[in-house]
Each structure stands twice: as structure tokens, then as C-alpha cells.
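Presented below is the structure to which this report refers.
Residue numbers (the working numbering), protein chains in the order written: chain B, 66 to 378; chain Y, 38 to 132.
Structure follows, in C-alpha cells:
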């Protein structure tokens with residue numbers, strides 16, 4: 066087939082809302098865009114284990130400890146689903162990890178903020194996972210099959226994460242004055258960084274246009290951000306807490322809230338490596354990988370010894 | 038490279054006894070045992086299945102999308118392979 070014909074088939078699939086599968090022909094830029102987006106997503110899942118892992122040893126009860134352990138394990142699993150989805154596009158796991166470890170690849174800016182108190186674990190589950198779900202629900206219908214299927218699994222598991230976060234917030238918000246203050250403090254610190262998770266405003270988002278054209282994304286950054294605010298504000302009110310935004314106001318005409326834009330200069334700064342925890346996160350990730358090298362070597366040697374040789378695909 | 042994640046395996050899960058095995062994703066592992074254990078930890082954390090298959094990815098032979106026409110078309114003109122092709126007298130009812 067000629068290249069035009071291939072492109073026609075590809076465009077036809079998108080037009081009919083059909084999924085593109087690994088062996089299908091796809092434009093090189095579509096492939097590149099997906100590798101970048103899926104790997105960033107995967108990196109975010111496993112870097113996201115770090116701020117939460119920080120509280121496993123100090124969880125206030127056995128119940129909250131097993132729950133947090135299960136949640137952090139889920140995040141690791143989500144990273145693996147996504148890495149294997151990215152690998153179907155012709156990039157190896159080693160390359161993907163190397164890109165993360167050397168700082169060439171990005172991950173969500175949100176995980177470069179510290180989890181200072183137990184209330185932060187509540188805020189992360191409730192707000193950060195809540196924002197992630199909003200994005201991921203949309204991605205269940207993304208045009209690339211393996212990515213969409215990974216999202217379906219992830220969404221199923223993610224809703225427990227958000228609920229456990231909200232439960233922590235509820236306990237604190239309806240607890241003592243000090244506990245309530247702790248919940249408010251966490252909300253104050255996480256609100257705007259969470260808003261940044263949806264990415265820059267549509268007008269300034271370099272990758273949005275292609276993502277929409279190729280149906281990788283179905284909704285824009287600003288649409289998702291608006292939905293997140295509209296959904297979350299009533300939850301904040303239920304908790305008796307205050308959204309740290311003076312400009313937050315119901316707009317009857319648009320049936321949604323007006324709100325302040327997050328500080329995009331801060332966003333750019335954190336993305337470029339200068340957030341409060343960027344160096345710590347990368348160092349922890351590299352350490353974990355390097356400390357695990359002997360396990361990979363031993364597993365490989367053991368497979369060899371038992372004559373179980375599978376050629377790396 | 039000696040420092041790698043091992044080869045890729047495809048994972049198939051059987052939801053309940055008697056049901057077919059369905060592909061659910063892939064993973065990296067160095068040997069069969071590790072592949073099976075990783076599959077359990079990765080794909081059945083919430084009782085998703087009662088049985089697992091793991092297969093080295095490169096052992097799978099797949100049809101290619103370009104051949105979709107010539108490969109599957111022979112089935113198109115054989116309507117007589119479907120029950121709706123046949124007329125059953127009304128008096129017989131359901132068959």
C-alpha cells in the first residue's frame with residue numbers, strides 16, 4: 066500500500082471512533098506523541114508512590130496503614146500497565162526508565178510538592194487522585210487501544226483511592242480544632258498545584274491541538290479543570306473548609322464556578338526541575354533502581370541456570 | 038544490556054471456572070515462575086480471576102492488519118453458515 070492509502074485508513078479509523086492497535090500503521094508524530102504522553106503518565110504513577118510512601122511508617126492506625134500500602138501498591142501497578150502500553154509503540158522499558166532517571170522525561174508536577182502532614186495524604190487522595198480520575202475517565206476512550214484498556218483498569222482501581230482520601234479529610238475536618246486546621250492547611254497547599262495537573266490553558270498548550278485532532282484527548286485542559294472545580298467545591302463546603310481562592314464564585318450564566326488561574330510561572334518552574342522536591346524524587350527513584358540491580362541480575366542468572374532463556378522482545 | 042527488566046510476557050485471565058481466558062495485559066519477568074507471580078500481583082489484586090496463563094510475547098503469532106481483507110473475507114459470502122439462512126416452518130416454532 067502507498068503511504069496515502071495508509072493515512073486514509075488511519076484517518077478513517079479516527080473518524081469512525083475506532084481504536085488504533087499496535088500493529089496498525091500510524092503517523093510517526095502520533096506514535097511520538099503517544100510515547101511521550103503515556104510514558105509521562107507512567108512516570109507520574111511511580112513517582113507518585115514517593116510522597117505517599119513517606120507516610121506508610123507513620124500512618125495513625127493499622128487500618129490506615131494497610132489502606133495506604135494497598136494504594137501505593139496500586140500506583141506501582143498503574144505505572145506498569147502504562148509502561149507496557151508505551152512499549153507496544155516500539156520503545157523498551159529500559160529506555161523509558163532511563164529517560165526518567167536522567168531527567169529527560171517529565172512526570173506530573175504535582176509530585177514535586179512535599180507531604181508534610183497526615184492531612185496531606187487525605188488531600189492527595191481526594192484532590193490529586195480526583196483530578197487524575199477526571200483525566201483518566203476521558204482517556205478510557207482515547208484512540209490508542211492499549212492505552213485505553215490500561216485506563217479502564219486504572220479507573221476501576223482509582224475510585225477507592227479518592228474515597229480513602231476523602232475519608233481522611235472527613236475525619237480531620239469533623240475532628241478537633243487542631244485537626245480541622247490541619248485539613249484546611251493541606252487544602253490550602255494542594256488546591257492550586259492540583260489545578261495545574263490539567264496542564265496549561267488551552268491557548269498556551271503546545272500539545273493540545275494534535276491530541277484533540279488524533280482523539281488522544283477528548284476534552285481540553287480548561288474543560289477538565291472547570292469540571293474538577295465544579296465537582297470539588299461542594300465537597301469542600303461539606304467539609305466546612307474554605308477554597309483558598311478569593312475569586313471563586315458561582316456563575317449562574319455558565320452554570321459553573323469562576324475561579325483564579327493557578328500561578329503558571331510556578332508551574333513552569335516546577336516542571337523545569339526547580340520545585341520543592343524534584344531533586345529528592347529523582348534521587349529516590351534512581352536509588353531504588355540501582356539498589357534493585359542485583360535482584361535483576363540474580364533473576365537473570367537463575368533463569369539462565371535453569372535453561373529458561375527467553376529472548377527479550 | 039545486562040541491566041534490564043527481562044523479556045515481555047502476555048497475561049491471560051480466566052474470570053471464573055468454565056469461562057474463556059481473556060488477554061488482560063503484559064509484564065516483564067525473567068522466568069515462568071516470576072511471570073506467573075508478577076501476573077498475580079499485577080492483574081489479580083481484586084479477585085479478577087481464578088486462573089492465569091502467561092506466554093512469552095514473542096511466542097505469539099498474530100495476523101497483520103494489512104491482510105485483514107484477504108485474510109477474513111472468505112467468511113463474508115458464506116451466509117449459509119448462519120442459522121438465519123434457513124427457513125423453519127412457523128408450526129415448528131423455536132429450533
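Virtual Cβ for every residue (Gly too), placed ideally from N, Cα, C.
CB-CB length for residue i against residue j, believed under 8 Å
i	j	result
residue 183 of chain B	residue 120 of chain B	6 Å
residue 94 of chain Y	residue 46 of chain Y	6 Å
residue 154 of chain B	residue 99 of chain B	6 Å
residue 336 of chain B	residue 171 of chain B	6 Å
residue 67 of chain Y	residue 364 of chain B	4 Å
residue 248 of chain B	residue 181 of chain B	Contact doesn't hold; Cβ gap of about 13 Å is too wide.
Residue i vs residue j beta-carbon contact at 7 Å
i	j	result
residue 194 of chain B	residue 226 of chain B	yes
residue 267 of chain B	residue 287 of chain B	yes
residue 146 of chain B	residue 43 of chain Y	no
residue 263 of chain B	residue 289 of chain B	yes
residue 201 of chain B	residue 213 of chain B	no
residue 102 of chain Y	residue 163 of chain B	no
residue 238 of chain B	residue 304 of chain B	yes
residue 284 of chain B	residue 203 of chain B	yes
residue 151 of chain B	residue 104 of chain B	yes
residue 148 of chain B	residue 133 of chain B	no
residue 76 of chain Y	residue 92 of chain Y	no
residue 259 of chain B	residue 196 of chain B	yes
residue 159 of chain B	residue 41 of chain Y	yes
residue 325 of chain B	residue 312 of chain B	yes
residue 261 of chain B	residue 327 of chain B	yes
residue 79 of chain Y	residue 144 of chain B	no
residue 86 of chain Y	residue 52 of chain Y	yes
Residue i: contacting residues in chain Y (beta-carbon distance under 9 Å)
i	result
residue 76 of chain B	Ordered by position in chain Y, no residue passes the 9 Å Cβ test against residue 76 of chain B, which lies about 15 Å from the chain.
7 Å Cβ shell around residue i - same chain, five flanking residues per side excluded
i	result
residue 86 of chain B	210
residue 292 of chain B	199
residue 59 of chain Y	49, 50
residue 127 of chain B	none
residue 314 of chain B	322, 323
residue 218 of chain B	146
residue 95 of chain B	279
residue 116 of chain Y	122
residue 71 of chain B	90
Close-in-space but distant-in-sequence residues of the same chain around residue i (CB under 8 Å, 5 per side omitted)
i	result
residue 316 of chain B	322, 323
residue 166 of chain B	347, 350, 351, 354
residue 118 of chain B	137
residue 340 of chain B	174, 177, 178, 334
residue 69 of chain Y	91
residue 38 of chain Y	Here residue 38 of chain Y scores only 41 on pLDDT, less than 50, and its place in the model should not be relied on; the value that follows carries that caveat. Counting only Cβ-Cβ distances below 8 Å, and skipping sequence neighbours, we find nothing.
residue 233 of chain B	129, 183, 184, 186, 187, 190, 191
residue 298 of chain B	308, 313, 322
Same chain only: Cβ atoms within 6 Å of residue i, ignoring 5 sequence neighbours per side
i	result
residue 73 of chain B	none
residue 207 of chain B	213, 281
residue 113 of chain B	140, 176
residue 185 of chain B	251
residue 115 of chain B	346, 349
Listed by chain order, chain Y residues near residue i by CB distance under 8 Å
i	result
residue 142 of chain B	78, 79, 82
Where residue i meets chain B, residues with beta-carbon distance less than 7 Å
i	result
residue 64 of chain Y	145, 149
residue 71 of chain Y	364
Neighbouring residues, chain B, relative to residue i (Cβ below 8 Å)
i	result
residue 127 of chain Y	By Cβ distance, chain B contributes nothing, its closest Cβ being about 39 Å from residue 127 of chain Y, past 8 Å.
residue 109 of chain Y	The contacting residues do not exist; residue 109 of chain Y stays about 15 Å from chain B at best.
Residue i at chain A interface by Cβ criterion, 7 Å
i	result
residue 114 of chain B	The structure shown has no chain A; the protein chains it does contain are B and Y.
Listed in chain order, which residues of the region 43–57 of chain Y have Cβ atoms closer than 9 Å to some Cβ of chain B? For the region 43–57 of chain Y, the beta-carbon criterion of a distance under 9 Å to any beta-carbon of chain B is satisfied by 43, 44, 45, 46.
Please list, in chain order, the residues of the region 81–104 of chain Y that have any C-beta partner in chain B closer than 8 Å. Closer than 8 Å at the C-beta level to chain B, one finds these residues of the region 81–104 of chain Y: 82, 83, 93, 94, 95, 99, 101, 102, 103.
The region 77–95 of chain B: positions lying closer than 8 Å to chain Y by Cβ: Listed in sequence order: 86, 88, 89, 90.
For the region 145–157 of chain B, enumerate the residues whose C-beta is nearer than 9 Å to any C-beta of chain Y, in chain order. Taking 9 Å as the Cβ-Cβ cut-off against chain Y, the residues of the region 145–157 of chain B that qualify are 145, 146, 148, 149, 150, 152, 153, 157.
To be precise: take each residue of the region 342–374 of chain B, compare its Cβ to all Cβ atoms of chain Y, and keep it if any distance is under 8 Å. Which residues remain? Within the region 342–374 of chain B, the qualifying residues are 358, 361, 362, 364, 365, 367, 368, 371, 373.
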